[in-house]
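Reading through the structure tokens given below for one structure.
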Amino acid sequence: MVPITRRRVLGATGAVIAGAAAAALSEGFLPIGGRARADEQPDPLRLRRWVMVFDLQRCDGCVGLGLPPQCTQTCTWSRFVPEGQQWLEVFESELNELPDAGIQFLPALCMQCQNAPCTNVCPVAATFHTPEGVVLIDQERCIGCRLCMAACPYDRRFFNWDEPVQPPQVKSSPYNVQTQTPAIKGTVMKCDFCTDRAEAGGLPFCVEGCPRDAIYYGDIEEDIATNGSEVVQLSRLLNENEAFRYKEELGTKPRVYYMQGHGEKALPKTKTEHERTFMKDRLEWPWERIVAELEKLGAEKPA
Amino acid sequence: METGAGRLEELALAPLRRTRRGYYLVLLGLLVIVGVGVFAYSRQLAGGLAVTGMAPTENKIMWGLYITNFVFFIGISHAGTLISAILRVSKADWRTPVTRMAEFITVVALMVGALFPIIDLGRPDRMLNVIRYGRFQSPILWDLFAISTYLFGSFVYLYLPLIPDLATCRDRLHDNISAPRRWFYRTFSAGWRGAPDQRRILAMALVLMMIVIIPVAVSVHTVVSWIFAMTLRTGWNSTMFGAYFVAGAIFSGTATLIVVMAILRRTNHLEAYITQKQFVYLGYLMAALGMVMVYFNLSEFVTAGYKLEEGEPVYLNQVFTGTFAPIYWFYIFGGLLLPALIVLMPWTRNVAGVLVAAVFVDIAMWLERYIIVVATLRVPQMPYNDLATYAPTWVEVAITAGAFALFAFLIMVFVKIVPVISIWEVSEQLEQEQGQPAIDALPFPAAQPAGGS
Ligand code: SF4
Ligand code: SF4
Ligand code: SF4
Chain A
1 MVPITRRRVL GATGAVIAGA AAAALSEGFL PIGGRARADE QPDPLRLRRW
51 VMVFDLQRCD GCVGLGLPPQ CTQTCTWSRF VPEGQQWLEV FESELNELPD
101 AGIQFLPALC MQCQNAPCTN VCPVAATFHT PEGVVLIDQE RCIGCRLCMA
151 ACPYDRRFFN WDEPVQPPQV KSSPYNVQTQ TPAIKGTVMK CDFCTDRAEA
201 GGLPFCVEGC PRDAIYYGDI EEDIATNGSE VVQLSRLLNE NEAFRYKEEL
251 GTKPRVYYMQ GHGEKALPKT KTEHERTFMK DRLEWPWERI VAELEKLGAE
301 KPA
Chain B
1001 METGAGRLEE LALAPLRRTR RGYYLVLLGL LVIVGVGVFA YSRQLAGGLA
1051 VTGMAPTENK IMWGLYITNF VFFIGISHAG TLISAILRVS KADWRTPVTR
1101 MAEFITVVAL MVGALFPIID LGRPDRMLNV IRYGRFQSPI LWDLFAISTY
1151 LFGSFVYLYL PLIPDLATCR DRLHDNISAP RRWFYRTFSA GWRGAPDQRR
1201 ILAMALVLMM IVIIPVAVSV HTVVSWIFAM TLRTGWNSTM FGAYFVAGAI
1251 FSGTATLIVV MAILRRTNHL EAYITQKQFV YLGYLMAALG MVMVYFNLSE
1301 FVTAGYKLEE GEPVYLNQVF TGTFAPIYWF YIFGGLLLPA LIVLMPWTRN
1351 VAGVLVAAVF VDIAMWLERY IIVVATLRVP QMPYNDLATY APTWVEVAIT
1401 AGAFALFAFL IMVFVKIVPV ISIWEVSEQL EQEQGQPAID ALPFPAAQPA
1451 GGS
């Protein structure tokens, strides 16, 4: 039996309205192949399926270190994220409604939804799934309608309302869809899952930037993941910790998992519970300063 | 009374012959407002969408006045279909003198409304990507197809019943008009002589068009609503959105028709043909649709409010008691209940009363669109500390004002080019009525010069 998926329904509707049949099914983003078993050699021809896991027992929003969230900060610095955008944003949320339940820190980036509301609605396929299942945006094609932003249930898409300020080297580099550089005015941006880093054998910047080793990056296909310090079997990590996906009930099928917790394993702690302050408002976007400095240097040189 | 038809022709053609100074003044005033709007858009082109009130909301409220206007204008474009097609199908004769205006509102509202998604684009220079790389799975493509089909259909539907009247213009206006206009009438009257076979073909084409245009019109506002309903957002994620939007569209369309009708009736001295009867009947229709809207509101908010899913408390609070409460309650009381009351009370059931009711409906329906767009986007989807606030900038306000001025401007130009009342259809009807006793049970004789005020 053919399962009814939203994509199918969508495809059918589109076909009826436009009179073009089966356009929806030609996109072929769905993950290929089944799960590799532990005793099997991974098939080199198989596509990677990147996932990320946040260990919320370890994440304390970098409060204990007295720093702004370092994942966000590293991402921003390394990815040249335009001012004001937090591709990876750490939220402070009430753990539950019980008295003294405390705060949980919830880092959220683009969930790389497999049934992605954003790619479904894009009129020009500017936002799309790579064969590996990562959602990317082609800023050279995006028309800036912002329907994808309205559709994203995690508010993980950002718009360049103004001409984005970035260092001149970035601005003048040829456009790269994987790294979204240079940023283009009037188009949408978001976390791109650092696929360029993964392809080169590295880890995403946010994973490397986390001082608590709370972020794992891995591949479901090979059933492996790492937080930079240890390598684990992904499925076991997820199963044993009863990992969940944020807003699972929406059916977006994210590739980002969370292990429930509230920073209890975030060690060493340098501050007591009572001194907790979340320093999200101290995040830095140094681009304007860098550009100004460079201009000053440029003006001084000929003299 | 001279033969009804002859007098009508004189009346209908008079504005095409002479133009008063006041007309040019108003036209100029509208042009100035359009000009300010164009200037504002040029600022936006230069500075990007950063000049709008959406930019400071940190990407949380990414649509504002432009999308509100888009939904509103496409909504009022339903005036034409409803009055002409639905009433034509149901053989309601009283609609004859107002069909032309209704159809023209449709065309103009569609043209103005379709500008807004383009104005709202971050990259208007890449607009054609929608055709180059268009994906049929995107609601925006559905809108593109539905609206362009509707626009084309409405043009045809406006043009077909114009042919005999253009022929009348060609035959009656030859001396005191300029050469291009003479050419216009000659070309577009398409050799109409009123021969029996021509009449037969026209009648057939009209029947065909009115059957085609109704489903197209319904589909248009349905897919406009699907831009919203295809998302998972609280307040938009609703299966009844299509029906809700279509009802709202016809509702505001009727109101707009009443307003335009009242103005043109005064300026073009059509009191004898557009009487209290048309106003009251359209008023009844508007009141009935208002009740449908009340029903939809109840249905939507009771089902959402009973379950109080995540997000709903914020949404309902801000609409019922919070930031949007004044707008919302004005919409319910001033826009849905009061107009119905005005129309139903015998002592306000007259031209002035219905006009006031219609103005209220139009304002309220614009506000309703605003709530649908902005209030919904304000509902946080992530655990934010505070809610975003959207306040339109002068650029957005100026572009909005420019669009309304453009709407009025195009209607004014139209009334100078073609008769605003369908001469041949009204005459035919008059002839028929003189032959037969009136079937109408209600106390408003069809076209008596004494009617109305
Ligand atoms: S989180 Fe949002 S932006 Fe990312 S894939 Fe899902 S819908 Fe798209
Ligand atoms: S804003 Fe760009 S990426 Fe988003 S839906 Fe529109 S065209 Fe696609
Ligand atoms: S995966 Fe890369 S782009 Fe995404 S949040 Fe981490 S560092 Fe930023």
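Chains A and B are the protein sequences, given in the same order.
Residue numbering for the first sequence follows our numbering, starting at 1 and increasing by one per position.
Residue numbering for the second sequence follows our numbering, starting at 1001 and increasing by one per position.
From the three backbone atoms N, C-alpha and C, an ideal C-beta is built for every residue, glycine too.
Since this is a predicted model, take the numbers as computed values, not measurements.
Self-check item: Where alanine 1055(B) meets chain A, residues with beta-carbon distance less than 9 Å
Solution: Phe159, Trp161 and Asp162
Quiz item: Tell me which same chain residues have a C-beta within less than 7 Å of the C-beta of asparagine 1385(B), skipping the five on either side of it?
Solution: none
Quiz item: Going straight from the alpha carbon of leucine 25(A) to that of threonine 72(A), what length do you get?
Solution: At leucine 25(A), the pLDDT of 37 sits below 50, so the modelled position is not reliable and the matter cannot be decided from this model.
Quiz item: Listed in chain order, which residues are found with a beta carbon closer than 6 Å to a heavy atom of ligand 1?
Solution: Cys110(A), Met111(A), Gln112(A), Cys113(A), Ala116(A), Pro117(A), Cys118(A), Val135(A), Cys152(A), Tyr154(A), Arg156(A), Arg157(A), Lys190(A) and Thr252(A)
Quiz item: What residues in its chain sit with their C-beta under 7 Å from that of glycine 228(A), if we drop five residues either side in the sequence?
Solution: Leu203, Val207, Glu208 and Asp213
Quiz item: By a C-beta neighbour count over all protein chains shown, 10 Å radius and 16 as the cutoff for buried, is leucine 67(A) buried or exposed?
Solution: exposed
Self-check item: 7 Å Cβ cutoff, aspartate 223(A) in contact with chain B
Solution: no
Self-check item: Whole-number beta carbon distance between alanine 1391(B) and alanine 1040(B), since they are thought to touch under 8 Å
Solution: At roughly 16 Å, the Cβ-Cβ gap does not stay under 8 Å, so alanine 1040(B) and alanine 1391(B) are not in contact.
Quiz prompt | Under the three-state DSSP convention, the category asparagine 1268(B) falls into | solution = coil
Quiz item: Using the C-alpha atoms, what's the distance from isoleucine 1033(B) back to alanine 1401(B)?
Solution: 7 Å
Quiz item: Does the Cβ of leucine 30(A) have 16 or more other Cβ atoms within 10 Å, making it buried, or fewer, making it exposed?
Solution: The pLDDT assigned to leucine 30(A) is 39, lower than 50, so where the model puts this residue is not dependable; a value taken from the coordinates is nonetheless given after this. Exposed: under 16 other Cβ atoms inside 10 Å.
Quiz item: In the DSSP assignment, what residue or residues form a beta bridge with aspartate 281(A)?
Solution: DSSP, once it has assigned bridges, lists no residue as partnering aspartate 281(A).
Quiz item: Comparing the CB of glycine 1113(B) with every heavy atom of ligand 5, is any distance shorter than 6 Å?
Solution: Among the ligands modelled here, namely ligand 1, ligand 2 and ligand 3, ligand 5 does not occur.
Quiz item: Going along chain B in order, which residues have a C-beta closer than 7 Å to the C-beta of phenylalanine 244(A)?
Solution: Correct list: empty, because the minimum Cβ distance to chain B is about 15 Å.
Quiz item: Which residues, taken in chain order from the segment 1420 to 1434 of chain B, show a beta carbon closer than 8 Å to some beta carbon of chain A?
Solution: none
Quiz item: If you draw a straight line from the alpha carbon of leucine 1059(B) to that of aspartate 155(A), how long is it in whole angstroms?
Solution: Here residue 1059(B) turns out to be asparagine, not leucine, going by the sequence shown. So the alpha carbons of these two residues sit roughly 8 Å apart.
Quiz item: Taking 7 Å as the CB-CB limit, is tyrosine 1370(B) close to chain A?
Solution: no
Exercise. For chain B, find out if any of its Cβ atoms is closer than 7 Å to the Cβ of isoleucine 143(A); answer yes or no.
Key: yes
Practice problem: Consult DSSP for glycine 186(A) and reduce its assignment to one of helix, strand or coil. | Solution: coil
Practice problem: Verify whether the separation of the beta carbon atoms of glutamine 1044(B) and valine 1395(B) is less than 7 Å. | Solution: yes
Quiz item: So, does the CB of arginine 282(A) fall closer than 7 Å to a CB anywhere in chain B?
Solution: no
Quiz item: Going by other Cβ atoms of all chains shown within 10 Å of its Cβ, with 16 needed for buried, is glycine 102(A) buried or exposed?
Solution: exposed
Self-check item: leucine 147(A) CB to nearest heavy atom of ligand 2 below 6 Å
Solution: yes
Quiz item: Any heavy atom of ligand 2 within a distance shorter than 6 Å of the CB on cysteine 59(A)?
Solution: no
Quiz item: Can you list, in chain order, the stretches of the alpha helix (DSSP H) that have 4 or more residues and sit fully within the segment 127 to 163 of chain A?
Solution: 147 to 151
Quiz prompt | Residue span of the alpha helix (DSSP H) that contains alanine 1484(B), given as start and end | solution = Lying before the first or after the last residue shown, residue 1484(B) is absent from chain B, which here runs from 1001 to 1453.
Exercise. Would you grab the beta carbon distance between asparagine 1268(B) and proline 1015(B) for me? Rounded to a whole angstrom, and I think it's under 8 Å.
Key: 5 Å
Quiz prompt | chain A within 7 Å of proline 1383(B), Cβ atoms only | solution = yes
Practice problem: Please list, in chain order, all residues of the same chain as valine 1089(B) whose beta carbon is under 7 Å from its beta carbon, the five residues on each side excluded. | Solution: Met1210
Quiz item: Could you give the distance in angstroms between the alpha-carbon of glutamate 89(A) and the alpha-carbon of threonine 76(A)?
Solution: 10 Å
Quiz item: Who are the neighbours of methionine 279(A) on chain B, taking C-beta pairs under 9 Å?
Solution: Within chain B, no residue comes near methionine 279(A); the closest Cβ sits about 14 Å away, beyond 9 Å.
Exercise. Please list, in chain order, all residues of the same chain as leucine 95(A) whose beta carbon is under 6 Å from its beta carbon, the five residues on each side excluded.
Key: Ala101, Gly102, Gln104 and His262
Quiz item: Just by C-beta distance, which residues in the segment 115 to 126 of chain A are closer than 8 Å to chain B?
Solution: Pro117, Asn120, Val121, Cys122, Pro123, Val124, Ala125 and Ala126
Exercise. Say whether chain B places a C-beta atom closer than 7 Å to the C-beta of leucine 98(A).
Key: no
Exercise. Measure the Cβ-Cβ separation of leucine 1160(B) and leucine 1206(B) and say whether it is below 7 Å.
Key: yes
Practice problem: Please name the residue in Thr1275(B), Met1111(B), Ile1263(B) and Met1230(B) whose C-alpha comes closest to that of arginine 1095(B). | Solution: Thr1275(B)
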